[in-house]
Every structure is written in structure tokens, then in C-alpha cells.
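The block underneath contains the structure these notes are about, expressed in C-alpha cells.
Residue numbers (this note's numbering), protein chains in the order written: chain H, 2 to 407; chain S, 2 to 407.
Written out as C-alpha cells, the structure reads:
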């Protein structure tokens, strides 16, 4: 497996584009499209929020279709809490794209991100679709990545290549989202993180669903910026088979290679989200080891990743590990606090539930002044482990989010 | 029932004091004592955090005693994650107080609040105890309230009087805590919110436990500043019977009157915590109505109260109700989003899951610029309701918590 350049158009047979449709007040690009030149199988995971945006409802219906050709996405408006008007607008986006592309309506998936409770300027979207389709290009991944951004400061895309049965297969991805980030997505059930994955692997829809499900558990579903779960979180993947590998149709070795490569892409994108978190100045990686079960490890890691107190002390460069311990103990997971160890940047600061008095405070402080903070918790209860990613809680986060809708 | 002046010494037969023991670097008062002139029955609720501070462990052991006389409390140091040294120091605090007061060791309860992982300066505490006992006074409640403060900007105390069987009974309380506030306390199991309640009611230990348990569910356990649960949260109550009412020994009318009065005190103290939350500029009251069960109402109200995004927009005076909806749907409670209504300051902004287009935005904005924000969510699924309290998320919160331990 190796990293390659690009994003959603790195795999063969995918085109993408992005244009200014006039949805964002800023006048930036806000409408994006991915198109597969041949029929692709698709899988998707959606937010488990009880409130679900209209595009989530429509994509859930469309994902049942056997094959797919395109995903249309707007930024600047979530199309959520807009009732029947919202549902109709989401369908209308898909239909207009389908017509312009000359494909079936249900072969088009749809996603939105932005403010909740405002009607989509659907007229603007209709007007922009011809240009969106016309500008579809093999090097359009970057424009796509740009057009889906909201409060993101950086485009987020990556791609890998791996060999399946001696044939090179590519997986590319692009995502957006730096606030209201605490995805808990499930396949066909639930994420405003939006994530788009493409691959030229030949794989059955069923195996693609399974691979996506496995990949998100330890990547997107382990990233948090603010602990706020969105009504719009969605993760899509399309596989068009253009690589010409032998079809992945069961959970054999080919599947394992594919899933490992996919997880590499999703984990990298997840980290990009945390690193570009609203107001973030630092990336925090939290690893929990020695858990009885993977579920316990994930729960504890995620709980630490949502501690405002810990995230604020990271912002200040203050290695206050007591806040890690407190968050750990608040996770609702059974473990023995008197066996638990905590490490900051590799330095043991708590040993078997007790503060290490002689740890190197200078070194710990220096680590906390760096841009990449690592925290490790060893529960010493088993062999399961998990990693979660988040960012520090800064004054800028508050500033960004106190003036959003006005 | 009527409000009366004072705090923990408003009920008869209670004395209190507070002194400077040299625990806080700031040189402020940091050691406090409540003393009942006669034997009192006591009940307590403690944090459910897996990591439990040494004073929590010791008070859990001591609370099993039949009667109690005193509670000794220090601020500036949590005495948590200090291993056997910490346990020994907590016992030593209780023993020294017991000796100075001439009471049994197990008749003394102990509490600490402050930084985690630093040894308690137990020598300083021992030196200060004689003065602490000497200055015990009927008007000492205020000094007590001052001495337990950490990042609190205001003393927190209140008291009520109610009639039980024609006899006036008083309940007083004092608490501290404005950060690491997300108590989930259970009796004899679990709060660094520290809360101290006193009453001169005559009541059995069993009924006192039941009354405390009921009172905290809708008060302390519904307050959040940052969603971070402490290792030290504790809520104590002592009842010394000095009012001379007929003994409350079952769940009859007298119990109901007492519990209502107690809940009045705990709810008022809980609101004081939210209002004085670290960096807070506004108090937020969240009411969830129309829930199927009280548990659902509490879960949804608490989820909204911990939304960083919502709290940040309150700080900015931006009535972005979409964030209330998103938090609501992320609570993990089953309800029909298409029936749900949301009100901001009494103004309906979402009706049956859909944005109200014509709501009075000027009025909503004016409400969000006030100091008291109210949010109401109607799930229209039943008759259960709950209230939660929190504060806005400000740049000051981040500033306070990014430089704490250094």
C-alpha cells in the first residue's frame, strides 16, 4: 500500500467538479459533484441523530438502488428542519443532477452542510448544475474538496494505492467538517462531517458496505471537535471496478487488503478533520490500551476527546493530566483506577492510579507546547485498544461559533 | 415555605467557620468546618467517576456511622490520585478535626477540592485546625461558604424555612464549583461540586437519605458547566433535630413538605453554580416537556446543556436554535422529530420539526442578549418534564482553564 496524489478523482473512472452557485454569502464555491463514468456500487453511513436533514433521508432511500453514478453536494446550507419543502428540494437536487448527467434519479446521492432551518436556494442550484456537469474533470478532485468546505480552513483529500491479486487498485477520499463534529454513523442509518470516498476496485455492494462499516468505526467515528453530533453527517463510497482486479466478493485476503487500505484513507481524513477543527491550534491523539474490549477502549478514548477541561489545558500548553484521569473515570466503563497508567507524550505521569512525583515536567510542558499532543491511557485490564482524535479548545473556537448564523 | 437569610448555619444548632491554612497559593481561606452541637443523622451522595478522590473514599466509609457531628473541607487541593498517602491524609484530616472537637473520628466527614495529583499539605491543615475550631460560630456560614471556593467568583448559600406539624424547620445549604461541573451523584456511591446542607429537622437517617436522593436528581444532577465530571463531587446533609418537630420517619405529608423544601434549596444552589460557571456571562435554563418518561426528559435536557456549539452561540447572543435541535437528536432518546417544538425565551422557533419562518427574530435576539436564557423543547410524546441549567461557553472559560495548574 502506498500513498498517491489526489483525492476523489485519484481512482480511475471518476470525474469531479465544484462551482459557485450562490448558496454561501461569502461567494465561495458551494456546489460539488462526483461522477463515475461507469456504474458503481455504493455504500453509505449516516448520522444517528434523531433529527435528520432532508438530504440524509433522500440518500438513505437512494442508497438501496443497485448501482450509482453520482453524488451532488452543497455547502452553506444543511437543508435540515425544513419539513416537506426540504425533502422536495433534496429530491430536486438529485433529479436535476440526474437529468443533466443522463442517469437514473436513484443513481444519484445527495448531501448538504451548513446552517439548519433555512430553505435551500434551490433555484440557484438548478441554475448552477449545467456548469457543474460541464466542468467535470479527471483533475476535479481538488475543486470538489474546495466546494464542500464550510468553516474548514484547509481542503481535505488523500488517496492510496494497493495491490489486489497483482492488480493496482486506488482509493481516494475527500471530506469536510471542523465544527459540530462528533460523528456516530451507522450504515444506512446515520454523520456535519461529510465524507466522500471513491475506488476503482471491483467489489460487490455487500462487501463494500462491510468494508465501509469496518473502516469508519476506527476513523470517522473516533474523531471529535466539539462533541456535537450533526444532523447531516454522511459518508459515501462508490466503487466502479475500473481497476480490473478480480472481484472482491467475500471476506478473504483481497477483502482484508482492501479494507486496510480504505481504513488508511478514512483514518487520515479523520485526523485532517481534528487538525483543522474550529479554532484548533493542536492535534490531540488519544490512545487507550489494555482494555477488556475494543468497545471499552473506544468509549474511554472518545470521553477524553470530548473533555473541555482537557482540551482547554492543551490550548494553554499545560500538561494537566488530572483532567485526563477525571474524563477517563467518567466514561461509564468498568476498570480498576488503581491499576491505570497515564502517559503524556510518552512520559508516564500517573502510575497505577497515583501521580508520578518525579516525572520530567519540563519535557511534558515542551510536549504540550508542540502541535501534536499524544495521550496514552493503559487500563491494564486486557488487550483491546483504540485511538481517538480531537483538537484543543481555543478562544477562537468560541469566537467562530458565537457569530455563526448572524 | 419561605426563604430565610444565611446558609449552613441558618438551621438551629449548627456552627461553622473558615480559615486560611496555606493550601491555596493565593493565600485565601481554604479550610472550612461545619459542626452540629448535637448528634445529627447524615446522608451523602458521591461522584460516580471511577477515579475517586481519597476524601470521597473516607467519607463513604464514615457515612455508614449512625450519627455525625462535623464536616471538614479544604479547597485548593483535590487529594486525588495520591494513592495511600492521599488516603492517610484524608483520614488524618478527619481524625485531627475529631480530636479538636472531642467527637468520634467516624462522626466526621471530609471533602476536598482543587488540583488533582498533588499531595495535601497536611501539616498546614493540622496547624490550622485549632483556629478553625475556636472560630466556630452561629454566623460562621458565610465564612464557610467563602473558604470552600476555588475558581468561584461568588459565595453560594441559601436557606429556607417550612412548617412541619406546625413547627418551623429550617434547611440551609452552601456549595462551590464552577468548573469540572457535570455531577452524576448517587447516594453512597458518588460529585468537584461540593455541596453542604444542614437542617434542624428531626428525621430518620433513612428518610434523610431518601429525601437527599430525590432532591439531587432534579437539581445538582441537572447542572453542567463543562460536561466534565469530577473525581471529588460530594453532597452532604446533616439533620440534628433541634427544631423539635415530630420525627419524620416515613414518606407521609411531613416527608413531602421537607423534601419539597430541600429540593428548593438544592435547585437554588444548582442554579447558582451554573450562573457562576467559569467564564459565564449568562445563565441558561433548559426545560424539556412532553417526554414519555422523566428519564428521557432529563437525558435530552442534559444533552442540550452540554452542547458547546449551543453554549457558544448563547455567548455571542445568536439565537441559533438549529444547535438545540441537533443536540436534542443526539441524546440517544427515542422521540419523533417531526412532532418536536422548540421555544427560545417563549418564542416558538421550530414547530413539529420544521423551522418557523415568521418568528420574531428581533425579540429572539433581544432575549439572547439578556442574562437569563430560556430554552424549551416539547417532544409531544407524553407528560414527563425536566429542567437543566448551564451557562454560556465564553473565551474567558478557555482562558481560565488553559492556565490552571501552572
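Ideal Cβ positions, reconstructed from N, Cα and C, are used throughout, including at glycine.
query                                                                                                                                   : result
Local conformation of residue 310 of chain H per DSSP, three classes                                                                    : helix
Residue-level contact to chain S via CB, residue 338 of chain H, 8 Å cutoff                                                             : yes
Alpha carbon of residue 166 of chain H to alpha carbon of residue 204 of chain H, nearest angstrom                                      : 13 Å
Segment limits, beta strand (DSSP E) that includes residue 159 of chain S                                                               : 158 to 165
Own chain, CB closer than 8 Å to residue 422 of chain H, minus 5 neighbours either side, in chain order                                 : No statement about residue 422 of chain H is possible, as the shown extent of chain H runs from 2 to 407 and does not include it.
The segment 47 to 64 of chain H in contact with the segment 156 to 172 of chain H per 3-pair CB rule at 8 Å                             : no
Chain-ordered chain H contacts of residue 186 of chain S [CB-CB under 8 Å]                                                              : Ordered by position in chain H, no residue passes the 8 Å Cβ test against residue 186 of chain S, which lies about 12 Å from the chain.
CB contact below 8 Å: residue 348 of chain S versus chain H                                                                             : no
Whole alpha helix (DSSP H) elements within the segment 44 to 129 of chain H, 4-residue minimum                                          : 55 to 63, 84 to 102
Within chain S, partners of residue 308 of chain H - CB distance below 7 Å                                                              : 229
Below-8 Å beta-carbon distance, residue 355 of chain H vs any chain C residue                                                           : In summary, chain C is missing from the structure at hand, where the protein chains are H and S.
Member of H/255, H/388, H/256 whose CA lies at the smallest distance from the CA of residue 285 of chain H                              : H/388
Inter-stretch contact at 8 Å, needing at least 3 Cβ pairs: the segment 111 to 121 of chain H / the segment 74 to 93 of chain H          : yes
Residue 402 of chain H vs residue 227 of chain S beta-carbon contact at 8 Å                                                             : no
CB contact below 8 Å: residue 232 of chain H versus chain S                                                                             : yes
Simplified DSSP state of residue 267 of chain S, which is helix, strand or coil                                                         : helix
Separation of residue 289 of chain S from residue 296 of chain S, as counted between CA atoms                                           : 11 Å
Minimum C-alpha distance to residue 1 of chain S - residue among S/21, S/370, S/269                                                     : The structure shown has nothing for residue 1 of chain S, since chain S only spans 2 to 407.
Neighbouring residues, chain S, relative to residue 6 of chain H (Cβ below 9 Å)                                                         : Per Cβ cutoff of 9 Å: no residues; residue 6 of chain H is ~35 Å from chain S at best.
Proximal residues of chain H, C-beta to C-beta of residue 88 of chain S below 8 Å                                                       : Per Cβ cutoff of 8 Å: no residues; residue 88 of chain S is ~11 Å from chain H at best.
Distance, residue 400 of chain S Cα to residue 210 of chain H Cα                                                                        : 44 Å
Per-residue burial, residue 339 of chain S [other beta carbons within 10 Å of its own, 16 or more giving buried]                        : exposed
Exposure label - residue 36 of chain H; buried when at least 16 CB within 10 Å                                                          : buried
Residue-chain proximity (residue 345 of chain S, chain H), Cβ-Cβ < 8 Å                                                                  : no
Among S/194, S/271, S/129, the one whose alpha carbon lies nearest that of residue 22 of chain S                                        : S/129
For residue 186 of chain S, the three-state DSSP class (helix, strand or coil)                                                          : strand
Interface partners of residue 392 of chain H on chain S, CB under 8 Å                                                                   : Per Cβ cutoff of 8 Å: no residues; residue 392 of chain H is ~12 Å from chain S at best.
Cutoff 8 Å: residue 395 of chain S Cβ touching any chain H Cβ                                                                           : yes
One or two residues paired with residue 379 of chain H in a DSSP bridge                                                                 : H/290, H/342
Amino acids of chain S, ordered along the chain, whose beta-carbon sits closer than 9 Å to that of residue 117 of chain H               : 321, 322, 323, 324, 326, 327, 356
Euclidean distance between Cα positions of residue 54 of chain S and residue 291 of chain H                                             : 23 Å
Enclosing alpha helix (DSSP H) for residue 4 of chain S [first to last residue]                                                         : Premise fails: residue 4 of chain S lies in the beta strand (DSSP E), 3 to 5, not in any alpha helix (DSSP H).
Three or more C-beta pairs below 8 Å linking the segment 176 to 187 of chain S and the segment 40 to 50 of chain S                      : yes
Cutoff 8 Å: residue 399 of chain H Cβ touching any chain S Cβ                                                                           : yes
Neighbourhood of residue 370 of chain H by C-beta distance below 8 Å, restricted to the same chain and skipping five residues each side : 318
CA-to-CA distance, residue 7 of chain H to residue 264 of chain H, given in whole angstroms                                             : 17 Å
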